[in-house]
Amino acid sequence: MKEILLCKLGEIVLKGANRRYFEDTLCRNLRHRAKHFGTFEIKSSQSTITITPQDDFCDIDGLFQNIQTVFGIVAISRCAVCEKTMEAIERTVKDYVPQFLVGKKTFKVVAKRSDKRFVLDSMEIAREVGGYVLSTVRGIKVDVKNPEIVVQVEIREHNAFIHAGQFKGAGGMPVGTNGKALLLLSGGIDSPVAGYMIAKRGVQIEAVHFESFPYTSEMAREKVLELAREVSQYAGTFGVRIVSLTHIQELLVKNCEEDYFTLILRRYMMAIADRIAHDIGCGALITGESLGQVASQTMQAIGVTDPMSTLPVFRPCIGMDKEEIVQIARKIGTFETSIQPYEDCCTVFTPKHPRTKPELSKVEEQQRRLDFDALVQEALDGAYVEYIRPEF
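For reference, each letter of the sequence shown is one residue, going 9 to 400 in the working numbering.
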């Protein structure tokens with residue numbers, strides 16, 4: 009009996025003439041993952057991707073777990089393949105399905121007959137397969153309205169596929185189908201979630217992290233790189249540009265009024281990120297801002313920092329409250345790392361009473377006390393890149 013993985017596509021199936029592009033990108037992303045687990049054949053057909061091991065050394069268990077973080081797939085099943093005869097289907101159901109029904113009290117069978125030449129229709133197939141299950145598994149009953157598990161039989165062009173129970177996939181769009189954007193990655197809870205959410209829309213992400221060493225520690229930097237590794241399980245390989253803001257912050261303290269520190273620093277961040285984004289071919293910036301969460305995230309504060317970017321700024325968390333963001337952080341595995349007590353640059357030289365309703369003209373007047381362009385270039389000249397790869 010041959011076992012394969014069956015991946016169901018999501019909104020890709022709604023695409024028109026360019027649907028093939030999305031499917032090909034998803035298959036390429038899956039092949040990149042699969043090569044770490046052995047030799048697999050990956051094909052797309054009829055809104056489904058089949059992943060077939062090519063030898064006995066393939067780690068199908070490891071790959072099954074891994075591809076649950078691949079964007080573009082809504083459901084994944086382990087599946088047995090057999091000939092398109094009721095005799096073969098009966099043998100396969102009796103040999104393969106019982107392992108998935110352990111501890112279950114109710115089930116139903118759903119059949120899909122893509123090959124209309126098959127001798128039985130979908131209802132007849134479901135009835136026959138239901139009988140096979142009842143004769144094989146003791147104590148289980150049919151419940152067509154609210155079953156604990158669904159046994160599925162698919163009659164396709166060349167074979168029959170039999171599977172029981174689906175695991176939820178990551179959803180979204182395949183990474184690489186919707187351009188590239190630069191994530192402003194801090195050590196907090198919000199920005200890793202923002203990167204995950206934009207990657208889920210098919211965007212390839214890159215990242216920039218601003219530090220203030222020695223006011224921030226090497227442990228704080230390592231924390232951010234660990235967050236990047238956790239996001240990369242979904243987003244794939246990307247680079248994190250490390251940029252020091254230490255000199256800029258020291259000059260802000262000496263030359264500007266305290267309640268403007270955060271706003272002007274944010275303007276430097278946006279300007280530096282904008283330059284990096286253009287240099288590496290990104291079409292947008294990504295931040296983890298949530299409206300009104302802190303002083304620098306009021307509508308007026310965002311209004312005086314956005315003009316420093318010539319690119320669109322994506323803020324997927326903007327309308328979410330903290331608990332909603334935390335729930336996603338827990339789901340993707342970044343929360344425990346984010347709450348480690350290592351400060352980032354935004355907590356250094358924090359004003360006691362930051363401006364929450366700043367006027368752009370006054371912010372610009374404060375900014376003119378420093379050589380803005382020269383300091384941006386100095387920060388860029390000192391930047392370096394850490395490349396992050398998923399750990400399979």
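Positions of the beta carbon are idealized from the N, C-alpha and C atoms, including for glycine.
{"Query": "Mapping DSSP to helix, strand and coil, what is Ile333?", "Result": "helix"}
{"Query": "Spatial neighbours of Arg35 within its chain, please: CB distance less than 8 Å, with the 5 preceding and 5 following residues excluded, ordered by chain position.", "Result": "The identity of residue 35 in the sequence shown is Cys, whereas the question assumes Arg. If we look at Cys35 and ignore the five residues flanking it on each side, its Cβ neighbours are Ile50, Lys51, Ser52, Ile57."}
{"Query": "For the beta strand (DSSP E) that Leu13 lies in, which residues bound it at each end?", "Result": "10 to 17"}
{"Query": "What separation, rounded to the nearest whole angstrom, lies between the Cα atoms of Lys87 and Ala292?", "Result": "In the sequence as presented, Lys is not what sits at residue 87; that position holds Cys. Taking the straight line joining both Cα atoms gives about 40 Å."}
{"Query": "Report yes if the CB atom of Leu193 is closer than 9 Å to the CB atom of Val216, and no otherwise.", "Result": "yes"}
{"Query": "Where does Pro398 land, buried or exposed, given buried means 16+ other C-beta within 10 angstroms?", "Result": "buried"}
{"Query": "Leaving out the 5 sequence neighbours to the left and right, which residues in its chain are closer than 7 Å to Thr100 when beta-carbon positions are compared?", "Result": "Met9, Ala88, Cys90, Ile170"}
{"Query": "Could you check if Leu368 is buried or exposed, using at least 16 other CB atoms within 10 Å of its CB as the buried criterion?", "Result": "exposed"}
{"Query": "Per DSSP, Met181 forms a beta bridge with which residues?", "Result": "Arg209"}
{"Query": "Under a Cβ-count criterion, where at least 16 other Cβ atoms within 10 Å of its own Cβ denotes burial, should Val110 be classed as buried or exposed?", "Result": "exposed"}
{"Query": "Under 8 Å by Cβ, that's how I've got Val393 and Gly247 pegged, so tell me the actual separation to the nearest angstrom.", "Result": "5 Å"}
{"Query": "Got a sec, what are the start and stop residues for the alpha helix (DSSP H) Gln257 sits in?", "Result": "254 to 263"}
{"Query": "From the DSSP output, read off the bridge partner residues of His171.", "Result": "Gln160"}
{"Query": "Between Gly195 and Asp32, what straight-line distance do the alpha-carbon atoms span, to the nearest angstrom?", "Result": "35 Å"}
{"Query": "Quick check: Phe218 and Met277, are their CB atoms within less than 9 Å of each other?", "Result": "yes"}
{"Query": "Are Arg294 and Ile163 close, meaning C-beta to C-beta below 9 Å?", "Result": "Here residue 294 turns out to be Ile, not Arg, going by the sequence shown. Not in contact: Ile294 and Ile163 (Cβ atoms no closer than 9 Å)."}
{"Query": "What number of angstroms, rounded off, separates the C-alpha of Met316 from the C-alpha of Ala279?", "Result": "5 Å"}
{"Query": "Looking only at its chain, what residues have a beta carbon closer than 7 Å to the beta carbon of Phe108, apart from the 5 residues adjacent to it on each side?", "Result": "Ile157, Ala172, Gly173"}
{"Query": "Give me, in chain order, the residues of the same chain whose beta-carbon lies closer than 7 Å to that of Lys116; leave out the 5 immediate sequence neighbours on both sides.", "Result": "Val150, Asp151, Val152, Pro155, Val158"}
{"Query": "For Ala83, which residues from the same chain have a beta carbon less than 6 Å from its beta carbon, with the 5 sequence-adjacent residues on both sides left out?", "Result": "Lys16, Gln174, Gly177"}
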